[in-house]
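Per the numbering used here, the very first residue in the sequence shown carries number 14; after that it's consecutive.
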Amino acid sequence: AQTFAVGMVNDLGNAFDTFIFDQIRHAFDQHTFVDGICSVCGQVSGSEGLGYELSKDETFYIVSHLGTCTDENIVIPANYNGLPVKKIGDYCFFKIPVAIKSIYIPGSVTEIGDYAFYGCSEMSTINIPDGVTKIGSCAFDNCRNLTEIVLPESVSYVGKGAFINCMKLSSIIIKNPNCDITDSLETLGGYTDKLIVFADYESTARAYAQKYGYMFVDLSELGGGVQNLKFTLSDTKTYYIVSGIGDCSDS
14 AQTFAVGMVN DLGNAFDTFI FDQIRHAFDQ HTFVDGICSV CGQVSGSEGL
64 GYELSKDETF YIVSHLGTCT DENIVIPANY NGLPVKKIGD YCFFKIPVAI
114 KSIYIPGSVT EIGDYAFYGC SEMSTINIPD GVTKIGSCAF DNCRNLTEIV
164 LPESVSYVGK GAFINCMKLS SIIIKNPNCD ITDSLETLGG YTDKLIVFAD
214 YESTARAYAQ KYGYMFVDLS ELGGGVQNLK FTLSDTKTYY IVSGIGDCSD
264 S
């Protein structure tokens, strides 16, 4: 059986809960901000200059465009003008002139629009919070430096080509067993030789992975998460199982 290792996979179920955005995830609670930095805890406020659009029912805001913001590490606020920010609009950061390296999305956001981050080729990290239900078509098209994505249980729909041309994407965790993944090879990128799909065995994600030849790992096999996981191809050659910890090897 063919076996291989994925280095530095650590607590995959909460991978994006451990990176730098831990320092800003509560930035929009009660703080005292001076020049964008909380004088109490050091957390930062939302990026200045972003463009917003009021929803048709006037109950929430949509981040609609980059505006005058020049930040490389974008922080989207949970509230704007006293109302929640619930959507990252279609084409919001489409081919923008700023080389964005990371984006923090607050828990208030429920939808990521079509082509929202198209061409953000320098972006290497992004959190998708629990609360997001929809990821639009080609939302992350050409985000060529993304390596890991965690889709929380709240995500119920992933549009066609959502992760197309994400050539460095090596792992995607899909926590919702009933997630509607648009029936197209390119929805999760198209790089079947690179990407491992982590999800429940009884899930739409496994069915999708098997149909298009993506490597699949049963999320329940991960337990608390380890480093340098080793996987073994099943006898039917349709999915992978966690077989241990160790260096890459072939047998």
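Ideal Cβ positions, reconstructed from N, Cα and C, are used throughout, including at glycine.
Spatial neighbours of I75 within its chain, please: CB distance less than 6 Å, with the 5 preceding and 5 following residues excluded, ordered by chain position. Here residue 75 corresponds to residue number 62 of the sequence shown, with the count starting at 1. Once the five neighbours on either side are set aside, the close Cβ partners of I75 are E66, K100 and G102.
Which ranges does the beta strand (DSSP E) cover as unbroken runs of at least 3 residues, wholly within the stretch 181-207, from first to last along the chain? 184-187
Which residue from S137, E135, G144 and F106 puts its Cα closest to that of G126? Residue 126 sits at position 113 when you count from the first residue of the sequence shown. Residue F106 is the option with its Cα nearest to G126.
If you draw a straight line from the C-alpha of F211 to the C-alpha of T160, how long is it? Within the sequence shown, numbered from 1, the residue matching residue 211 stands at position 198. Within the sequence shown, numbered from 1, the residue matching residue 160 stands at position 147. Approximately 14 Å, taken between the alpha carbons.
Does DSSP classify T138 as helix, strand or coil? Along the sequence shown, read from residue 1 onward, the residue named residue 138 stands at position 125. Strand at T138.
6 Å Cβ shell around Y227 - same chain, five flanking residues per side excluded: Locating residue 227 in the sequence shown gives position 214, counting from the first residue. Cβ within range, chain order: T205, L208 and V210.
Would you kindly check if the distance between the Cβ of V98 and the Cβ of V122 is under 8 Å? Translated into the one-based positions of the sequence shown, residue 122 becomes position 109. Translated into the one-based positions of the sequence shown, residue 98 becomes position 85. Closer than 8 Å, so yes.
Quick check on A175: buried or exposed, where buried means 16 or more other Cβ atoms within 10 Å of its Cβ? Position 162 of the sequence shown, counted from the first residue, corresponds to residue 175. When all chains shown are included, A175 counts as buried.
To the nearest angstrom, report how far apart S68 and E234 are at their CA atoms. If you number the sequence shown from 1, residue 68 lands on position 55. If you number the sequence shown from 1, residue 234 lands on position 221. C-alpha separation (whole angstroms): 42 Å.
Find out if the Cβ-Cβ distance for the pair N178, T217 is shorter than 8 Å. Residue numbering aside, residue 178 sits at position 165 when the sequence shown is read from its first letter. Residue numbering aside, residue 217 sits at position 204 when the sequence shown is read from its first letter. The answer is no: Cβ separation not under 8 Å.
Return helix, strand or coil for G62, following the three-state DSSP convention. By 1-based counting over the sequence shown, the position of residue 62 is 49. Looking at G62 - three-state DSSP - the assignment turns out to be coil, as it is neither helix nor strand.
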